[in-house]
Amino acid sequence: MKIAFVGKGGSGKTTLSSLFIRYLAARRIPVTAVDADINQHLGVALGLAEEEAAALPALGARLPAIKRYLRGDNPRILSPESMIKTTPPGAGSRLLRLGEGNPVFGDCGREVALEGGTARLLVTGGFAEEDLGVACYHSKTGAVELCLNHLVDGRDEYVVVDMTAGSDSFASGMFTRFDMTFLVAEPTRKGVSVYRQYKEYARDFGIGLRVVGNKVQGAEDVEFLRAEAGEDLLTTFGDSDWVRALERGRPRPWGELGAAAGRALGTLYEAADAAYARRDWERYTQQMVHFHLRNAASWGNERTGVDLAAQVDPAFVLSESAGGAAGAGAEPDRAPSAQPA
Ligand SMILES: Nc1ncnc2c1ncn2[C@@H]1O[C@H](COP(=O)(O)OP(=O)(O)OP(=O)(O)O)[C@@H](O)[C@H]1O
Ligand SMILES: [Mg+2]
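This is the structure:
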């Protein structure tokens, strides 16, 4: 299950994604945490020391190697250099599975012990690093988008992405890559204005979007969010002493999080899990092709000097039963999960 936390700067994306990640880890549900926000704070929110978090291997800096791996022997992709962040997988591409080892998770992932369980942590890295040796047209989050587009995840395994609600995710199509998007909103006009903008983008693409109120102090706050977001308001979190203790560097046991926050996390989990029934791999694949063609026409073809539309494999549909390069290599004539074009 691919879950995004988005929202205005400072709304509590990192805090709520880290609580949700802890909740999953405590229940021994496999979870991969991805820090794709401009401000990289997820590692620290998951209990790493600042130095440990700063030393995490950055996905953004490993983009060339990630491309080489994901490309596999897909003949439609002429070279790893001609892969852009929206290049979709096709026959011969390597797919990522959360429960299987692969060089991407192996080189970039770090296991973090959490609440009796573990989480795998991936980070995009800061701005400066990704500029080194990587063509300028790849945004920082390009590696995450590529990974999501090559990921076949099942119901009881989670990818939780802490990201901004910025224009970059709308242009690239990144915002369509999730089974559920939690929009974190404080009970303020600015908080809900981001929700309105997001909803507008989300509407055309059938995005599962729910609002999670944060730093909510009383009935009036809830009422305000309800009036603005209506049925989209899923649940709310109050001001949390547990979170503040963590911020002070004096973490408290998970069991002391409090009943209300525990219930709210349970509500997030139920909403995320219920989204599985609405998953539609064909639509998912079509959307990634749609955004790839858009990016190809608007800048990609020109930058790479290649007709990027030719990278699209019309017979390919990503799905949990889709094969990777290994399977395709064994049976070269059969596209993984081939469907009539
Ligand atoms: N429910 C809460 N209770 C107490 N403090 C909170 C709560 N939610 C967030 N905070 C605090 O508010 C601040 C901003 O939260 P956070 O860093 O999670 O926001 P963000 O949306 O990720 O911000 P940025 O856009 O900078 O990444 C932090 O100091 C955090 O500890
Ligand atoms: Mg943050």
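So for the sequence shown, the UniProt record's numbering puts the first residue at 1; every next one is plus one.
Cβ coordinates follow ideal geometry from the N, Cα and C atoms, glycine included.
Burial state of residue i, where buried means 16 or more other Cβ atoms lie within 10 Å
i	result
Glu51	exposed
Leu132	Legend: pLDDT at Leu132 = 47, less than 50; position of this residue unreliable, value from coordinates given subsequently. Leu132 is exposed by the Cβ-count criterion.
Glu115	buried
Ser240	buried
Ser79	exposed
Ser11	buried
Ala330	Because Ala330 sits at a pLDDT of 35, beneath the cut-off of 50, its placement in the model cannot be relied upon, and the following sentence gives the value as read from the coordinates. Exposed.
Gln40	buried
Ala227	exposed
Gln217	exposed
Asp162	buried
Pro75	exposed
Arg155	exposed
Lys190	exposed
Ser321	exposed
residue 361	The structure shown does not extend to residue 361, since the chain spans only 1 to 341, so no value can be given for it.
Cys136	Note that Cys136 has pLDDT 39, beneath the 50 cutoff, so the model's placement of it is unreliable and no number is given.
Gly7	buried
Asp313	buried
Residue i beta carbon near ligand 1 (any heavy atom closer than 7 Å)
i	result
Val184	yes
Phe237	yes
Arg28	no
Arg252	no
Ser193	no
Arg263	no
Val243	yes
Glu51	no
Gly117	no
Gly218	no
Glu256	no
Gly10	yes
Ser240	yes
Glu228	no
Glu223	no
Glu247	yes
Whole-number beta carbon distance between residue j and residue i, since they are thought to touch under 8 Å
i	j	result
Glu157	Leu98	4 Å
Phe178	Ala4	4 Å
Pro187	Leu225	5 Å
Ala33	Ala119	5 Å
One or two residues paired with residue i in a DSSP bridge
i	result
Gly7	Val184
Val31	Tyr158
Met163	Ala36
Thr235	Val212
Arg283	Arg283 pairs with nothing; no bridge assigned.
Lys2	Val159
residue 361	What the structure shows of the chain is the stretch from 1 to 341, and residue 361 is not part of that stretch, so it cannot be assessed.
Leu151	Leu96
From the options, residue whose alpha carbon lies closest to that of residue i
i	options	result
Leu48	Met1, Ala315, Pro251, Leu95	Pro251
Ser298	Ile3, Gly206, Ile84	Ile84
Arg110	Asp280, Lys67, Val31	Val31
Pro89	Pro103, Gly101, Asp73, Asn102	Asp73
Gly230	Pro103, Glu81, Tyr195	Tyr195
Gly117	Trp254, Met180, Gly191	Trp254
Ala315	Gln286, Arg303, Gly305, Asn301	Gln286
Val44	Ser193, Arg155, Gly249, Phe224	Gly249
Thr267	Gly166, Arg210, Lys140	Arg210
Met1	Ala185, Leu24, Thr164, Ser18	Leu24
Thr176	Arg279, Lys8, Asp273	Arg279
Thr236	Ala219, Tyr284, Leu122	Ala219
Ala264	Phe182, Arg94, Arg28, Ala165	Phe182
Asn102	Gly126, Ala65, Thr87	Ala65
Ala54	Glu256, Gly125, Gly7	Gly125
Phe105	Ser82, Thr87, Leu63, Gly92	Leu63
Ser93	Leu121, Leu146, Glu302	Leu146
Gln311	Ala185, Gly300, Val34, Arg22	Gly300
Leu257	Leu19, Gly7, Lys13	Leu19
Asp35	Glu100, Ala26, Lys140	Lys140
Ala185	Lys199, Leu293, Arg28	Lys199
Ala245	Val159, Thr15, Asp307	Thr15
Asn295	Leu95, Lys13, Val212, Ser172	Ser172
Ala271	Val212, Ser319, Leu318, Asp313	Val212
Trp242	Val222, Leu234, Ala261, Arg27	Ala261
Gly238	Phe291, Asp232, Ala259	Ala259
Thr304	Ser82, Arg68, Lys215, Ala277	Ser82
Closer than 7 Å: residue i CB and nearest ligand 2 heavy atom
i	result
Asp162	yes
Asn214	no
Lys140	no
Asn74	no
Thr14	yes
Asn39	yes
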